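Shown next, in structure tokens, is the structure this report addresses.
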Amino acid sequence: MSNIICFRRHARRTVDHAVSLGYSLLRADPAAQEAFARVLWTASERSNLLDGGVGAVEAIVNLARFHAWHRAEVEGWKGGRGHPMALVHSLAQHLMGRYPAPRMLASAWFGDDSPGRDEERGWFIEHAGGRPFRKLTGLPVQLTRKMEQILLKSPADLPVRAAIRRAELLGLGAEPELVQAISQTELGADLRHSRFWRGVFQWMIRHWEALRPEQVEPLIKYLQATQLRERATDGAAGEPTRPTPQFAGAGRSPEALWRQVREWQHELLMARQRELLGAASSFRTWAAAGWAGLRIDDDSGDPKVTVWEIGELLSSEGLRAEGQALRHCVGTYVGRCVRGISSIWSLRSAGPGGEFASRFTIEVEPQSRRIVQIRGFANCRVEGLAREIIARWARQERLDMTGS
């Protein structure tokens, strides 16, 4: 029983901290603070939404930030008990909806206030106001009516951009195995360069019988590296990026393209080995990206962690140590950092003894201010408190965390 009581107290403290942070984030907009207080009170009195913890409070903060689009008073919401996603959908629908919005759109209200997430919230408001989904402002993927119909019936637990990608693939005629394979890559939620990837998807669909699911991610990484990423980042800072190309391999056979992938993987492996060998004899440093780090005390109740910090890695030795600690390949990013293509940051935690340990590595593209990837031990993905801390840092430094 004592463990249950401790857990509940910890959960209550965590929610209280999130509420306090919410008021602080809205301090520049008194009307938003008032809306936050009213929505928070109604949610706590008429539902179990706050059982959703920090995520639920963040959703209420975001609903309050968009108070100018509220069509109804929050006090008229009936409330109820259920999953936080369902309750946020009901609440957002009550506040802003003239027409029903699909359940999966409720995920837009969770998370940070990055431009990408706010764009999704704008889609909710537009669609709930009566605009067809395929005609929403700034939609990064061109949807057909068939894709739109699939999208509106998406599983309720899918994030918005993942649902758009799924609807696009199914609308193109992709087999479920291909949809799943693509969804497990970065393209599952990253909808940029949609014209290029539409051509790639159509090629994969045509040749799916000759491909295997485990080949999908290497193919995508190869195309990102050889046809997209270098094209977007090989110019000097401030130089306009080149237009997104069309997929250049539409006429190739799967066998021919896969041979190129294998050759590229071999070259990449050899380059990593050369760079690691060279790191032992050549210490390199580079200029800082210019963003501030973050240092916060831990109040989650974990006795093993007293403080968290995010700091930039500015030497080849720092990258090597980070890669060894977390067992991933960031040690090979020296060349990218020297050229200013990547800025690498580390989320670390320290206990009562004051010794810091790396927890997650963050790659940022300085030119676009976009967080490209976040990887932990053995390339595991970030979630929970660590993700909240990184999101807080991203807000502080105006970095785009969409899709990370």
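For what it's worth, the UniProt record's numbering labels the leading residue of the sequence shown as 1, then goes sequentially. We put the beta carbon where it would ideally sit given N, CA and C, even for glycine. It should be emphasised that the depicted structure is a prediction, and the values quoted were computed from it without experimental measurement.
Cut-off 7 Å between Cβ atoms - residues of its own chain near residue i, not counting five sequence neighbours on either side
i	result
G238	Residue placement at G238 is flagged as unreliable, the pLDDT there being 39, under the threshold of 50; a coordinate-derived value is accordingly withheld.
residue 406	An answer regarding residue 406 cannot be provided, because it is not within the stretch 1 to 404 covered by the chain.
R369	R398, L399 and D400
A394	D112, S114, I371 and M401
W258	Q215
Among the options, the one whose alpha carbon lies nearest that of residue i
i	options	result
A68	K304, A92 and G76	A92
G138	S154, G129 and R121	R121
L269	R375, Q202 and C329	C329
T285	A64, A292, K304 and V338	V338
V305	L347, V54, R206 and A289	L347
A248	W208, E255, A288 and V200	V200
A350	E267, G318, G335 and W308	W308
G52	S404, R392, G384 and R327	G384
Assigned exposure category for residue i - 16 Cβ within 10 Å defines buried
i	result
W41	exposed
Y99	exposed
F377	exposed
Q224	buried
D190	buried
residue 405	With the chain covering 1 to 404 only, the question about residue 405 has no answer from this structure.
I390	buried
E365	buried
S20	exposed
Own chain, CB closer than 6 Å to residue i, minus 5 neighbours either side, in chain order
i	result
W345	I310, E312 and I362
R12	none
V74	R38, V39 and T42
I296	W308
L158	M104
Paired residues, beta bridge with residue i - DSSP
i	result
V19	BP columns for V19 are empty, so no partner.
F356	A350
T285	S315
Q246	DSSP output for Q246 lists no bridge partner at all.
S343	V364
R195	For R195, which the question treats as bridged, DSSP gives no partner whatsoever.
V307	D297 and A350
Q373	E363
G80	S47
Close beta carbons around residue i, own chain, < 8 Å, minus the five adjacent residues each side
i	result
A167	L143, M147, E148, I150, L151 and S154
F66	M96, R121 and I125
E388	V54
E217	A181, Q184 and T185
* Three or more beta-carbon pairs under 8 Å between the stretch 143 to 153 and the stretch 171 to 178, yes or no? -> The stretch 143 to 153, when compared against the stretch 171 to 178, does touch it at the 8 Å Cβ threshold.
* Asked: Do the stretch 83 to 90 and the stretch 14 to 34 touch if we need at least three Cβ pairs shorter than 8 Å?
  -> Counting C-beta pairs with one atom in each stretch, the stretch 83 to 90 and the stretch 14 to 34 have fewer than three that are closer than 8 Å, which means they do not touch.
* Asked: Any contact of the stretch 126 to 141 with the stretch 45 to 63, i.e. 3+ C-beta pairs under 8 Å?
  -> No contact exists between the stretch 126 to 141 and the stretch 45 to 63.
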